[in-house]
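Line by line, the protein sequences are chains A and B.
Everything in the first sequence is counted per numbering that gives the first Met the number 0, starting at 0 for the first residue and increasing by one.
Everything in the second sequence is counted per numbering that gives the first Met the number 0, starting at 0 for the first residue and increasing by one.
Think of the CB as a built atom: it goes at the ideal place given N, C-alpha and C, for glycine as much as any other residue.
Please read these numbers as outputs of a predicted model, since none were measured by experiment.
Only one structure is covered here, and it is reproduced in the block below.
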Amino acid sequence: MKKLAILGAMTAAGLSAGVASAATLDDVKARGKLNCGVTTGLVGFAAPNANGEWEGFDVGVCRAVAAAVLGDPTAVEFVPTTGKTRFTALASGEIDLLARNTTWTFSRDVDLGFEFVGINYYDGQGFMVPKDLGVSSAKELDGATVCIQTGTTTELNLADFFRANNISYEPVPIETNAEAQPLYLEGACDVYTTDASGLAATRAAFENPGDHVILPEIISKEPLGPLVRHGDNQWGDIARWTLNALIAAEELGVTSANVAELAAAPGNNPEINRLLGTEGTLGAMLGLENDWAVKAIMAGGNYGELFEKNIGENTPIGLARGLNALWTEGGLLYTPPFR
Amino acid sequence: MSDTHAQTVAFVRTTMLPEQPPPASEAGVIKWMRENLFKGWFNSLLTILSLYFIFQIVTSAYPWFANGIWNTSSLAECREMLDGMTGACFSVLTERWNQLLFGFTYPTDAYWRPTLAFVLLIVAIAPVLYPKAPRQLLVFTGIYPFLAYWLIWGGTLLTPLMILVGLIAGYFAFKQFERQSFAMGLLAGVVAAIVVIWAGGIVPAAMPDVLAIQAIPSRDLGGFMLNMILGTVCVSLSLPLGIMLALGRQSSMPIIKWICVIFIEFIRGVPLITLLFVANVVLAYFFPPGSNIDLVLRVIIMITMFSAAYIAEVIRGGLAALPRGQYEAADSLGLDYAQSMRLIILPQALKISIPGIVNVAVGLFKDTTLVSVISMFDLVGMIRGPILASTEWNGVYWELWGFAVFVFFIVCYSISKYSQWLERQLATDRR
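Put into structure tokens, the structure is as follows:
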């Protein structure tokens with residue numbers, strides 16, 4: 000017991016040592032590279048291509064932050080993390096920013112000591128079943144075997160949902176999405192449950208996508224967003240407002256195609272001017288160059304462009320904007336004003 | 000008596016009959032089949048059933064291989080080309096071949112370096128594995144680890160060179176003091192090596208560009224190359240460490256004995272995956288932020304410790320199997336501890352332990368795939384992560400995992416074949 004206490008004290012000391020050296024911005028600038036935690040591979044969100052370059056929606060966030068801070072979207076060291084290693088990697092200072100489709104929950108924010116800087120994808124947990132199972136609602140799944148990723152919030156949501164509806168299920172634990180596909184296709188489980196975006200991506204890769212249906216129930220809120228460590232508010236602000244800048248850019252009609260032109264001289268929309276640094280000193284308040292948002296938008300385009308390029312309806316994943324549309328178009332994306 | 004038969008029989012053969020071939024049912028293929036396949040109705044039934052199943056498997060698997068497509072750039076394209084036929088999309092292997100072998104961040108123009116290191120590895124281990132190989136090659140074997148390090152990680156050649164110089168200095172110091180006693184020699188050797196390496200550390204720091212090739216950080220290693228590096232390094236390090244632990248456990252000196260016992264029992268009582276998590280996650284908490292000890296190095300240390308504990312127990316079995324008389328004979332010749340171990344005990348004990356050691360080595364090689372769980376991209380990690388998560392290849396399973404199985408089988412089967420050969424070579428007592 001005494002030993003345990005000592006070990007705990009040492010861990011706490013190590014943690015507080017990590018927090019004490021709080022100036023992440025200075026560290027990143029001195030290093031010349033942003034250490035960004037991503038998944039080891041999730042279709043559309045983060046995966047290296049045949050040339051070994053990382054691509055995806057979450058990767059886009061990393062590149063935007065790197066561009067805003069260092070002026071170079073390629074100055075990112077991508078650190079692949081699994082569901083189990085992601086939080087320790089962030090807490091220990093191995094990475095500066097975690098953009099790994101991580102659900103914003105109370106305990107992760109408060110208890111684990113992280114700060115979610117925003118939401119870049121509103122997701123929700125759904126169910127996929129083979130069509131010939133003849134099920135049309137998740138409430139008919141009594142006694143089903145369910146493939147479920149361990150160590151995620153989906154596991155807990157599933158238990159909650161089945162308990163609330165007083166039906167039983169048999170879990171088949173799996174490690175990654177890639178592992179789930181063959182298990183599901185071979186019939187090792189009747190149902191596959193994960194975030195609806197993941198289900199759509201998985202189904203799109205099947206040989207006969209039409210043989211499978213995604214049930215209408217969405218049983219949870221899964222706000223996915225990038226996060227940083229507690230205790231360095233300046234760095235948190237940079238990450239938060241870079242994400243907001245991408246969303247605001249879409250709202251204001253600033254795209255990677257016209258951003259250079261708009262940033263060349265102050266126009267007649269003051270909010271665009273403030274965002275792009277042709278008016279005011281928003282960049283200096285963050286401790287960055289005044290054209291930080293210009294560089295972030297140039298890195299991969301605004302939020303809408305990133306979405307369309309990586310997971311939108313013209314990609315094999317084919318996700319509709321849905322909740323992730325701007326608030327002006329019936330979605331939930333709503334950024335505070337740049338003022 | 001010679002004419003006895005002349006009256007009773009009409010003809011006596013005076014020469015031997017020419018040899019007849021044995022009846023068809025008692026020779027060649029037919030005999031073999033009768034004895035092995037169709038002996039009794041029950042065996043015949045089993046044979047026919049087996050043949051039926053083999054036939055089924057071959058005929059259903061054949062089109063999958065024969066229709067295999069090798070030159071598309073995505074799964075969708077491949078399925079389009081197959082057009083509903085059964086067939087494999089081997090094109091994932093051709094398109095991602097380099098990623099499977101080297102990982103996805105290793106610089107493309109440096110692929111020749113690990114390849115060369117692998118070819119040289121074969122040259123370097125030849126004199127260790129085959130007694131008939133020329134003895135002069137042993138010099139190259141000694142140089143090889145430093146050369147391979149330089150080839151794979153790059154940087155200046157001076158770094159591995161200084162370590163080599165340090166080790167040589169240590170060896171000469173050992174030789175110098177060995178006459179006094181083995182322990183003194185060992186101590187002098189270690190001290191000399193450390194001093195020279197530490198003092199020599201300024202040389203590569205001062206001249207980082209001498210004979211330098213592009214430096215590649217450990218994080219960029221991946222693919223089957225990572226499995227080979229971990230496997231080779233950990234097996235070759237854990238063997239001497241395991242021998243030392245086994246001897247230490249038998250030692251009459253209580254402190255050494257208890258250190259070894261606790262080390263072995265602790266490591267054996269913990270799953271390897273736990274040690275890897277410790278290497279990856281927990282150690283990071285204890286170092287100040289920013290001071291990052293190389294992840295590959297941490298993993299090598301953990302896997303080496305793990306397999307050394309197992310090898311130590313295998314060798315302890317070999318030591319225990321030697322009759323007591325061998326130890327007494329060594330003592331009666333007036334040999335000291337180091338000599339008796341080196342000349343009499345260990346050669347016999349290691350020979351007995353070969354099957355066990357090979358067992359550990361094969362298991363260790365396969366265990367290197369566990370590093371994929373701590374987000375390192377070895378062959379399995381590459382397949383599970385980047386390749387299956389790419390939009391092009393999401394959904395290809397049999398081809399990729401079949402390839403992984405094939406590659407690992409080749410390596411492990413060759414290790415096992417070699418060990419059987421070695422056992423026959425060393426079986427001097429049972430000839």
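Not a single C-beta of chain A is nearer than 7 Å to the C-beta of B/P130. In the DSSP assignment, A/N309 falls within the alpha helix (DSSP H) that extends over Y302 to N309.
C-alpha of B/R218 to C-alpha of B/W111: approximately 18 Å in a straight line. In this structure, the alpha-carbon of A/P269 lies about 33 Å from that of A/E54. Annotation: B/V127 to A/A46 spans about 42 Å, alpha carbon to alpha carbon.
With a cutoff of 7 Å on beta-carbon distance, A/A74 and A/T80 are scored as not near each other. If you draw a 10 Å sphere on the C-beta of B/I272, you find fewer than 16 other C-beta atoms in it, and that means exposed. Look at the beta carbons and you see the region 92-103 of chain B touching the region 387-405 of chain B: at least three pairs across the two are nearer than 8 Å. When only Cα atoms are considered, A/G209 and A/A203 end up about 9 Å apart. Between the region 217-230 of chain A and the region 257-275 of chain A, the count of C-beta pairs closer than 8 Å stays below three; the two stretches do not touch.
B/S250 is outside the set of residues whose beta carbon lies under 7 Å from a beta carbon in chain A.
DSSP places B/A329 inside the alpha helix (DSSP H), whose first and last residues are R323 to S331. Straight across, the Cα-Cα distance linking B/A211 with B/I142 is about 18 Å. Within the region 298-321 of chain A, T314, P315 and I316 place their CB atoms closer than 8 Å to a CB of chain B, listed in sequence order.
Taken through DSSP and simplified to helix, strand or coil, A/Q180 comes out as helix. Counting the other Cβ atoms within 10 Å of the Cβ of B/G401 gives fewer than 16, which makes it exposed.
Rounded to whole angstroms, A/V128 and B/V118 show a C-alpha spacing of 50 Å. Residue A/T152 holds the alpha-carbon nearest to the alpha-carbon of A/I218 among A/T152, A/A298 and A/A263. For B/E177, the uninterrupted alpha helix (DSSP H) segment begins and ends at L157 to E177.
With respect to the 7 Å criterion, B/G222 and B/L345 are not classified as neighbours on the basis of their beta carbons.
The distance from the Cβ of A/L140 to that of A/Y168 is about 7 Å, consistent with a contact at the 8 Å cut-off. Within a 10 Å sphere around the beta-carbon of B/R134 sit fewer than 16 other beta-carbons, which makes this residue exposed. Excluding the 5 residues flanking it on each side, A/G31 has same chain C-beta neighbours closer than 8 Å at L69 and A74, in chain order. Using a CB distance cut-off of 7 Å, B/F103 counts as an interface residue toward chain A. At a C-beta separation below 8 Å, A/E206 has these neighbours in chain B: R78 and G394. Separation of B/F10 and B/M32 (C-alpha to C-alpha, rounded to the nearest whole angstrom) is 41 Å.
By the neighbour-count criterion, in which 16 or more other beta carbons inside 10 Å mark a residue as buried, A/E328 falls on the exposed side. B/Q98 and A/G51 have their C-alpha atoms some 8 Å from each other. For B/V280, the nearest beta carbon of chain A is closer than 7 Å to its own beta carbon. Taking 7 Å as the CB threshold, B/G317 stays off the interface with chain A. Residue pairing by DSSP places A/D236 in no beta bridge whatsoever. Judged by DSSP secondary structure, A/P225 falls within the beta strand (DSSP E) whose first and last residues are E221 to R228. Among the CB atoms of chain A, none fall inside 7 Å of the CB of B/A403. Three or more Cβ pairs drawn from the region 195-202 of chain B and the region 153-167 of chain B lie within less than 8 Å of each other, which places the two stretches in contact.
Around A/L325, the same chain offers E250 and L332 as residues with beta carbons nearer than 6 Å, after the five sequence neighbours per side are excluded. Residues of the region 353-379 of chain B with a C-beta less than 9 Å from any C-beta of chain A: S371, V372, I373, S374, M375 and F376, listed in chain order.
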